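Enquirer:
There are 6 protein chains.
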Amino acid sequence: MNKAVLKKILKVFLTLQWAKELPRQGFIALGFKRNEADSVAAHSWTTAMLTYFLASEMKKNGQKVDLNKAIKMALFHDMAETIVGDVGTFVKGMASGAFAGIEEEGLKWLVKDLPTTKEITSLVSEYTQRKTLEARLVKLADNLDALAQAKGVPAAKDALKYFKEVYHITKIPFHKTAVGMILKDEIEPERSWQKR
Amino acid sequence: MNKAVLKKILKVFLTLQWAKELPRQGFIALGFKRNEADSVAAHSWTTAMLTYFLASEMKKNGQKVDLNKAIKMALFHDMAETIVGDVGTFVKGMASGAFAGIEEEGLKWLVKDLPTTKEITSLVSEYTQRKTLEARLVKLADNLDALAQAKGVPAAKDALKYFKEVYHITKIPFHKTAVGMILKDEIEPERSWQKR
Amino acid sequence: MNKAVLKKILKVFLTLQWAKELPRQGFIALGFKRNEADSVAAHSWTTAMLTYFLASEMKKNGQKVDLNKAIKMALFHDMAETIVGDVGTFVKGMASGAFAGIEEEGLKWLVKDLPTTKEITSLVSEYTQRKTLEARLVKLADNLDALAQAKGVPAAKDALKYFKEVYHITKIPFHKTAVGMILKDEIEPERSWQKR
Amino acid sequence: MNKAVLKKILKVFLTLQWAKELPRQGFIALGFKRNEADSVAAHSWTTAMLTYFLASEMKKNGQKVDLNKAIKMALFHDMAETIVGDVGTFVKGMASGAFAGIEEEGLKWLVKDLPTTKEITSLVSEYTQRKTLEARLVKLADNLDALAQAKGVPAAKDALKYFKEVYHITKIPFHKTAVGMILKDEIEPERSWQKR
Amino acid sequence: MNKAVLKKILKVFLTLQWAKELPRQGFIALGFKRNEADSVAAHSWTTAMLTYFLASEMKKNGQKVDLNKAIKMALFHDMAETIVGDVGTFVKGMASGAFAGIEEEGLKWLVKDLPTTKEITSLVSEYTQRKTLEARLVKLADNLDALAQAKGVPAAKDALKYFKEVYHITKIPFHKTAVGMILKDEIEPERSWQKR
Amino acid sequence: MNKAVLKKILKVFLTLQWAKELPRQGFIALGFKRNEADSVAAHSWTTAMLTYFLASEMKKNGQKVDLNKAIKMALFHDMAETIVGDVGTFVKGMASGAFAGIEEEGLKWLVKDLPTTKEITSLVSEYTQRKTLEARLVKLADNLDALAQAKGVPAAKDALKYFKEVYHITKIPFHKTAVGMILKDEIEPERSWQKR
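Protein chains in written order, with the working numbering: chain A, 2 to 197; chain B, 2 to 197; chain C, 2 to 197; chain D, 2 to 197; chain E, 2 to 197; chain F, 2 to 197.
1. Roughly how far, in whole angstroms, is the beta-carbon of K158 of chain F from the beta-carbon of V180 of chain F, given that I think they are within contact range, below 8 Å?
2. So what does S40 of chain D bridge to, in DSSP terms?
3. Could you give the uninterrupted runs of the alpha helix (DSSP H) lying entirely in the region 126-192 of chain A, keeping only those of 4 residues or more?
4. Please classify H78 of chain D as buried or exposed, where buried requires at least 16 neighbouring CB atoms within 10 angstroms.
5. DSSP three-state label for M59 of chain D, please.
6. From this set, D:I29, D:K162, D:A75, which residue's C-alpha is nearest S40 of chain E's C-alpha?
7. Taking only the alpha-carbon atoms, compute the straight-line gap between L23 of chain A and Y128 of chain F and give it to the nearest angstrom.
8. Could you check whether the Cβ of E106 of chain A sits closer than 9 Å to any Cβ belonging to chain E?
9. Got a sec: which bits of the region 52-63 of chain D sit with their beta carbon under 8 Å from any beta carbon on chain B, in order along the chain?
10. Tell me the residue span of the alpha helix (DSSP H) that contains L15 of chain A.
11. Which chain B residues sit within Cβ distance under 7 Å of K34 of chain A?
12. Work out the CA separation of L7 of chain F and K185 of chain E for me, nearest whole Å.
13. Report yes or no: is there a C-beta of chain B within less than 9 Å of the C-beta of Q130 of chain C?
14. Quick one, which of B:E189, B:G153, B:P190, B:K140 has its alpha-carbon nearest K177 of chain B's?
15. Kindly confirm or deny that the region 101-119 of chain F and the region 44-54 of chain F touch, where touching means at least three C-beta pairs closer than 8 Å.
16. Is the separation between the beta-carbon of P174 of chain A and that of L15 of chain D shorter than 9 Å?
17. Locate the alpha helix (DSSP H) running through I29 of chain C, then write down its first and last residues.
18. For the region 55-63 of chain A against the region 64-82 of chain B, are there 3 or more C-beta pairs whose distance is under 8 Å?
19. Could you tell me the alpha carbon to alpha carbon distance between V66 of chain C and M2 of chain B, rounded to whole angstroms?
20. When you compare each of E:K172, E:I183, E:T171 to L1 of chain E by their alpha carbons, which one comes out closest?
21. Name the two residues that bound the continuous alpha helix (DSSP H) containing V66 of chain F.
22. Anything in chain B within Cβ reach of A150 of chain A, meaning under 7 Å, just list it in chain order.
23. Taking 9 Å as the CB-CB limit, is E37 of chain B close to chain F?
24. Who are the near neighbours of T171 of chain A in its chain, counting only those whose CB is closer than 7 Å to its CB and skipping five residues on each side?
25. Using a 10 Å radius around the Cβ and a threshold of 16 neighbouring Cβ atoms, would you call E135 of chain D buried or exposed?
26. Enumerate in chain order the residues of its own chain whose CB-to-CB distance from Q150 of chain A is below 6 Å, with the five nearest sequence positions on each side excluded.
27. Closer than 9 Å, CB to CB, is W46 of chain E near chain D or not?
28. Go to T117 of chain A, then tell me how far its alpha helix (DSSP H) extends in each direction, as first and last residue.
29. Looking at the C-beta of K196 of chain B, does it have a partner C-beta in chain F at a distance below 9 Å?
30. Can you tell me whether DSSP reads G102 of chain A as helix, strand or coil?
31. Go through its chain and collect everything with a Cβ distance to D143 of chain F's Cβ below 6 Å, but skip five positions before and after it.
32. Is the CB-CB distance between E105 of chain F and V125 of chain F below 9 Å?
33. Considering only C-alpha positions, which residue in the set B:E37, B:G102, B:L111 is nearest to I84 of chain B?
34. Between A147 of chain D and chain F, is any beta-carbon pair separated by less than 9 Å?
35. Among C:M80, C:K4, C:Y163, C:R131, which residue has its Cα nearest to the Cα of L145 of chain C?
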């Protein structure tokens, strides 16, 4: 591999290390302590994993979903936060036009020297627009991951209701089912082995 | 006290609690782990304390500095971050006009129902413009506090040089002296009692 | 500024950095984990902010309260803990005379070379005696801040009752109202923007 | 989506949440404090990101690498640790046959009810054998991520040498180049914007 | 003391430092955040303290219990985890024969150069077999300590039931009484001084 | 066991849980971040372990040391801190008579209802006086444990010198040897298995 390209790749890679330490700031506004919030990096992994599980099943059932595109979209969907931070919905809400632009510009800056700049910015843009099936699926996974994180933190109990508000955005029928099952404690993580 | 006013005050007060948990995000970009970064609240206290120490001495030496105004400015200087987060200099740099506006709007939103909305927004605005002696003094204290925090974290060693870059902004002669004394380890925190 | 004086100021300032990391120890006795307790520094900021909000309103309503004195008192009220630690009420209770003396001596030691030694020790002493309106107001703010912190930590649920016990100390009528409003969840931190 | 299948998927997803909190235990044996170690989840994301960057470039250069397979392999490579923990190389070394079997069994147990059990176990098995180009590339990314993490923690300085020992395993020519560039500080994460 | 022996002792001692940072991993599977789990070292101390309290009382009541042996057993009972980690019951359950062997081998490796290798391995082996009164008493203390830890973490509420499952293992009559008293909140830690 | 006695024992046991979360405060004055300081509980375990290793070897060499007494002394030596906190040497230095009394009273309060009140207070008192061989040995272990902790935290580099100052207190010949070996990096924790 060309040494100059390798260097550019490693530079972005070292920058992405910050995402391991950045708390997902929105959770702090829900009353989380600093260490109860997950990191941008950890959230991105569980989101990508759930996206993979769901897209695989959808494909199996004959739905036209591009599995590999969806996985990459999930991997990239929050990477701009490494640079611009997990700015609250507040800022986004206040000046949506202006701020959306800033986040977009942040991403461009971060990935500008990568061999795959175009693929990344294009997938994140697709995600932001929430139109394609893949974009809506990743949003669904992103939302369920926030719910899973919030469920474990008692301070967030009052805020669990907010997680129902994205139904209309994803328009994926099983989104509501999934939120319901998690909220009603119908699913328990694998613990059968603990009883042995 | 009127109950409705009390309620409005307590609402802002409960919102400010988040600042206890928000890491100063810029430090993470310098290589800090999440718990090596101080909180917005803790930083604001040490900044206000140093402002008080320095302004008292300046006043004693006959300089025209409004001590009480400076203390309040220090207390308020980062309070908007409770809402908009400690967004990196990056975002600020990219679209300074646009973003400055967002931070300002965030502050207004946060304090809009307080009896002292005007005093707060006016002091933060004065701070941002860096023109009055008080504004420059608080900036100096803000800068020395970041330096003190960074000195204790080895990962930040390479970044210590950045702390010299604000000399030209504060134009306070002893700013450079202070940075120099801290960087050269000429000052050690009170430890004489440990030798007993 | 005289270099020797600057050095003395910076020495105290560097010592105060410890307060960013010191957990408020009393919370651990209520069942908090280490990172659920706020720091002495962060607590001091929110206390000073609430003091400012309340004193401003009281003044507006014609009450004779020295706003600037109250703010400084709030800033200084726990600074001795940087040196002597947040020793439990236990120790204080056991040997109140003896220990009060130790805390006082700790403060003197810490600030002995500052240009404003006298103002600091005098304000802390006034605070400890809980007689003046400013002292009682700062105690009220100190108490509400502990309540706000405790409310977010489920382990402290059983201990919330203790926060009612200072009514008789502050003798400020709206103290009880404020505690009641916070305990009954009548106030929610600013979250309207999250619904957007 | 079939509700029973959705439930099975969500069960694994909720179990994977643990990986956000599990410290990479090997780092503690290098002298890291608990919060200096990254989580299994965060490590998996940065590893997948680097795998994507490198595989994309390799493909562009005409190498036969299956990009999508490599990304999935990176996502899955440590997921068994969610169940069996990040057991030290010690245990692995002592009874390699026996333990390898345990880790494999742990993975099977975790994913046994997923629609894609086979794909996951097959990719992890391929990764463990380190024979295909994709397996060696993911190992390389896994290794560089550990190096990036270790570089930021001074306690690990003495252990940086261990990171050179996997050259012979990956047999990818630029592995050595990359380790060298990171160790020699030839690459600095994106910070140009901080100078503005 | 012979310098070579001292060196061997200090080597094990420095290795044991890791136990201060290792979270008790099983708690994470119950939904704890990383910093809500206690460390292997801290758990070992409280277990040894409770063992001492209970064994002293039992002896006083005429039961034949070797107090000093019990204390040492409690001190050593989890020290192998410093090397092999706090591997979940899962792994232990899956391949009990195989894994038990690994843990045993880990301990031997860790203590192999100590003057007291034999005493340590023999006491840990006795503990594992749960036959002698001392072994069952230490298991009881180990279990109550996990219960005390879990009680303080709301996320573990659903898992409190698991703590009843070791009755049949210890066969110590007051085990059940103790679990009951703790679960029913009949005992509150020393707080009388807080009311002063 | 008598239920009333069991209840008293469990009350102290639940109170001791706080020691798992209390940072050793003195380290914060050396520049440690909150999570870089070990807990009072974890420190007590490693101190007891080292005491056991050393006393065993001394006994083997024919020295008259009461091994079981030494272990218990190590277990108890800091337990009063659960109540009075790890108050800085400062306070102790300032008013040694007065404060020593407070710590003693704190311990008495904590253990007053235990069946073994006398043994505990007597052993802690013996430790404080530093006269018997066991007391000096536990002090040595306490000191080496602080050194081991400090070595891993770069911020404490300048403070390592303080650890040499207790030679004259313990008067145990190998104390100096041990400090020297640790400071000079002559001993590395068990890592041979990492090279496999």
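Built from N, CA and C at the ideal position, the CB exists for glycine as well. Keep in mind it's a predicted model, so treat the numbers as computed, not measured.
Expert: Let me spell this out:
1. So it is not a contact: roughly 15 Å between Cβ atoms.
2. D:P24
3. 134-152, 168-171, 174-184
4. buried
5. helix
6. D:I29
7. 45 Å
8. no
9. none
10. 4-17
11. E22
12. 15 Å
13. no
14. B:K140
15. no
16. no
17. Unbroken run through I29 of chain C: none, as it is neither H nor E.
18. no
19. 13 Å
20. Absent from the model: residue 1 of chain E. The displayed extent of chain E is 2 to 197, so no value can be given.
21. Premise fails: V66 of chain F is in no alpha helix (DSSP H) and is neither H nor E.
22. One detail in the question is off: residue 150 of chain A reads as Gln in this sequence, not Ala. In chain order: nothing, as chain B lies at least about 15 Å away.
23. yes
24. R137, K140, L141
25. buried
26. D39
27. no
28. Careful: T117 of chain A lies outside any alpha helix (DSSP H) and carries neither H nor E.
29. Per-residue confidence for K196 of chain B stands at a pLDDT of 46, beneath the threshold of 50, marking its modelled position as unreliable; the derived number appears in the next sentence. With 9 Å as the cut-off, K196 of chain B counts as an interface residue toward chain F.
30. helix
31. T48
32. yes
33. B:L111
34. no
35. C:Y163
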